[in-house]
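S.K.: I have a structure I would like to understand better, so I am pasting it below and will then ask my questions one at a time.
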Amino acid sequence: MKKRVILLSLVAAMATGFTVTSCSSDDDFGVTTKQTGVLTLNFTGENITEYTNLEVEIMEINTKTIIKETLKKENAHTFEVAYGSYRITVNGVVIASNEEVRAAGTGQTDITSAVKNLTIPLFVKKFHEDFIIEEVFFTGVKTSDNKNYNSSRYFKITNNTNKILFADQLIIGQSEFLTTDDKNPTPYNKNLSFPVKGVMVLPGSGNQYPVQPGDFIVIADNAINHKQNTSTAYDLHNADFEFPSTNPALGQVDNPSVPNAEVIYTQMTFNMFFLHNRGFESYVIARFPTGENKDSFLQKFKYDYSYQNSAGSITSKSVYSIPNSWIIDAENNSVPTKFIHTLTAPGIDSGWASVGATDNDANRYGKSIRRKAAGTMTNGKNLYMDTNNSTNDFTKDAVPSLKDGIQH
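Residue numbering for the sequence shown is -24 to -1, 1 to 384, as defined by mature numbering (1 follows the signal peptide of the UniProt record, and there is no 0).
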């Protein structure tokens, strides 16, 4: 059988937990009994004939209690779970159209009654013979006197194919929403598009910036030798592209020898593209399809939504959204104690990576998320894991690959 990868989309778990107080006698008055329910997961999917091996994880959102189960050749399974708010993730292998494919998915559901049934749709993983996100360094560093240094962040994007790729007009998108907060916006469908708060586009007319198989490009927040400012930062002077801001408070200086990425949309002042230093957002790389460009994107792909704010009134916003069909790779980030949901369709990325264990973890500085190597290409370069599941594909709390400078 031909092998490739597929993604399950799961519809998973969420609810409010409560207890029942027993008062049948004086002896047990005041004793609380936790209620439990039965959750049955049913798996379906177009052309899927066998659910060979599925790893199911069910996490109660409030207590972080986790149930794990390996299912072999089952298209349905029943779990006993306490009342509560649950998130479900699935990773594994199925047979679809006579092919063995990997599978993954996420979702959520409420358990507030004795019996709950969920039918989980399966979505085919999207394959792109294109760039992947190899590394994101978003935490920044602390200076030698323990102050925040708000530059030297970067994206490292790699050609994980056996052919030459061109970085010209590559799109980098930053999520409008956070993985640690669910505003329940209306309308919202992550299976169709990726709402953004910032969009950068690399320069080039089509074939100006070739990248060899296994090689990478670096898009740096100010392409300078940051070690000249603080010994704890990195030398990024020979990055391939940079995204400097005009914010005078950051003291950034444009490197004339490094081409600038163009920030075509941002919600920040000073034309900034600024990464969340606790890693609560998600990133995508994408390409304009034939007939589209930055101008048509800004004309045609507005995203208007509303949500109920903490005061109980309705907030309306108008941003932009990148169609999923444009996206060639994506990566979600969060931290274990704050994670609520992924911001991408399961067919794009069904997992998430992290730096730090808790919100505002002081140990996160000077660490990144890096994609795991799965082997070696014929030219000796790394071949990286790409299962469209960042939980599996990335190493958390990693030593940044550019700590000692950019070396190809």
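Ideal Cβ positions, reconstructed from N, Cα and C, are used throughout, including at glycine.
Which word fits S151, buried or exposed, when buried means at least 16 other C-beta atoms lie within 10 angstroms of its C-beta?
M.R.: Answer is buried; the Cβ neighbour count reaches 16.
S.K.: Can you list, in chain order, the residues of its chain with a C-beta nearer than 7 Å to that of S(-1)? Leave out the 5 residues immediately preceding and following it.
M.R.: For S(-1), the predicted model reports a pLDDT of 44, less than 50, meaning its position is unreliable; a value from the coordinates is still stated below. Taken in chain order, the list of residues that qualify is empty.
S.K.: Quick test of your reading: I34 and I43, contact by CB under 8 Å. State the CB separation rounded to the nearest angstrom.
M.R.: That belief holds up - the Cβ atoms of I34 and I43 are roughly 4 Å apart, short of 8 Å.
S.K.: Considering only C-alpha positions, which residue in the set K372, T266, I324 is nearest to residue 390?
M.R.: Nothing about residue 390 can be read from this structure; the chain reaches only from -24 to 384.
S.K.: Taking the alpha carbon of I304 as the point to measure from, which residue in T318, Y259, G267, Q275 has its own alpha carbon closest?
M.R.: Comparing Cα positions, the closest option is Y259.
S.K.: Tell me the DSSP bridge mates of H53?
M.R.: For H53, which the question treats as bridged, DSSP gives the partners L17.
S.K.: According to DSSP, is A72 part of a helix, a strand, or is it coil?
M.R.: Three-state DSSP puts A72 in a strand.
S.K.: Check for me: the beta strand (DSSP E) holding residue 386 runs from which residue to which?
M.R.: With the chain covering -24 to 384 only, the question about residue 386 has no answer from this structure.
S.K.: Quick one: give me the first and last residue of the beta strand (DSSP E) that N135 is part of.
M.R.: 130 to 135 is the span of the beta strand (DSSP E), which, as asked, contains N135.
S.K.: Run through DSSP, which three-state label would residue 387 get?
M.R.: For residue 387 there is no data in the structure shown, the boundaries of the chain being -24 and 384.
S.K.: Looking at C-beta atoms only, is the number of pairs between the segment 265 to 282 and the segment 243 to 257 that lie closer than 8 Å three or more?
M.R.: At 8 Å Cβ cutoff, the stretches do not touch.
S.K.: Alpha helix (DSSP H) containing D369: first to last residue?
M.R.: Here the alpha helix (DSSP H) through D369 covers 366 to 369.
S.K.: M353 and N138: beta carbons closer than 8 Å?
M.R.: Yes, the pair counts as a contact, with Cβ atoms nearer than the cut-off.
S.K.: What are the boundary residues of the beta strand (DSSP E) that V32 is part of?
M.R.: Its beta strand (DSSP E) spans residues 24 to 36.
S.K.: Please report the straight-line C-alpha distance between L17 and F370, rounded to a whole angstrom.
M.R.: Rounded to the nearest angstrom, the two C-alpha atoms are 28 Å apart.
S.K.: Measuring only the C-alpha atoms, how far is F219 from P163?
M.R.: Their Cα atoms are separated by approximately 31 Å.
S.K.: Determine the DSSP secondary structure at K203, reduced to helix, strand or coil.
M.R.: The answer is helix: DSSP assigns K203 an H, G or I state.
S.K.: If the criterion is Cβ atoms closer than 8 Å, does the pair V57 and L15 meet it?
M.R.: Going by C-beta atoms, V57 is nearer than 8 Å to L15.
S.K.: Compute the Euclidean distance between the alpha carbons of P322 and H104, then round it to the nearest angstrom.
M.R.: Distance between the alpha carbons of P322 and H104 is about 15 Å.
S.K.: Could you check whether L98 and G21 sit closer than 8 Å to each other, using their CB atoms as the reference points?
M.R.: The answer is yes: Cβ separation under 8 Å.
S.K.: According to DSSP, simplified to helix, strand and coil, what is R254?
M.R.: Three-state result, R254: coil.
S.K.: So what does DSSP say about T242, is it helix, strand or coil?
M.R.: Here T242 sits in strand by DSSP.
S.K.: According to DSSP, what are the bridge partners of A383?
M.R.: It is Gln, not Ala, that sits at residue 383 in the sequence shown. Paired residue(s): none; Q383 is not in a bridge.
S.K.: How is the beta strand (DSSP E) around L47 delimited, first residue to last?
M.R.: That run of the beta strand (DSSP E) goes 42 to 48.
S.K.: Work out the CA separation of D158 and I290 for me, nearest whole Å.
M.R.: Those two C-alpha atoms are separated by around 15 Å.
S.K.: What residue range is occupied by the uninterrupted beta strand (DSSP E) comprising E307?
M.R.: Element bounds for E307: 303 to 310.
S.K.: If I follow the unbroken beta strand (DSSP E) through Q150, where does it start and stop?
M.R.: Its beta strand (DSSP E) spans residues 147 to 151.
S.K.: Suppose you measure from the CA of N368 to the CA of L359; what does that come to, to the nearest Å?
M.R.: In a straight line, the C-alpha of N368 is about 15 Å away from that of L359.
S.K.: With DSSP as the reference, label A215 as helix, strand or coil.
M.R.: Coil.
S.K.: Does the CB of D305 have a neighbour CB from chain D at under 8 Å?
M.R.: Absent from the structure is chain D; it holds one protein chain and no more.
S.K.: Could you work out which residue in T41, L168, E76 is closest to N29 when comparing CA atoms only?
M.R.: Taking only the C-alpha atoms, the option nearest N29 is E76.
S.K.: So does the segment 193 to 206 actually touch the segment 328 to 338, counting three or more Cβ pairs closer than 8 Å?
M.R.: Flag = no, the segment 193 to 206 and the segment 328 to 338 do not touch.
S.K.: Among the residues of its own chain, which have a CB less than 6 Å from the CB of N201, if the five just before and after it don't count?
M.R.: Closer than 6 Å at Cβ, skipping near neighbours: D211, H213.
S.K.: So Y296 is in the beta strand (DSSP E); what residue range does that whole segment cover?
M.R.: Segment 290 to 299, the beta strand (DSSP E) holding Y296.
S.K.: Over what stretch of residues does the beta strand (DSSP E) that includes I195 continue unbroken?
M.R.: Note, I195: beta strand (DSSP E), 192 to 196.
S.K.: Where does P224 fall in DSSP's three states?
M.R.: Three-state result, P224: helix.
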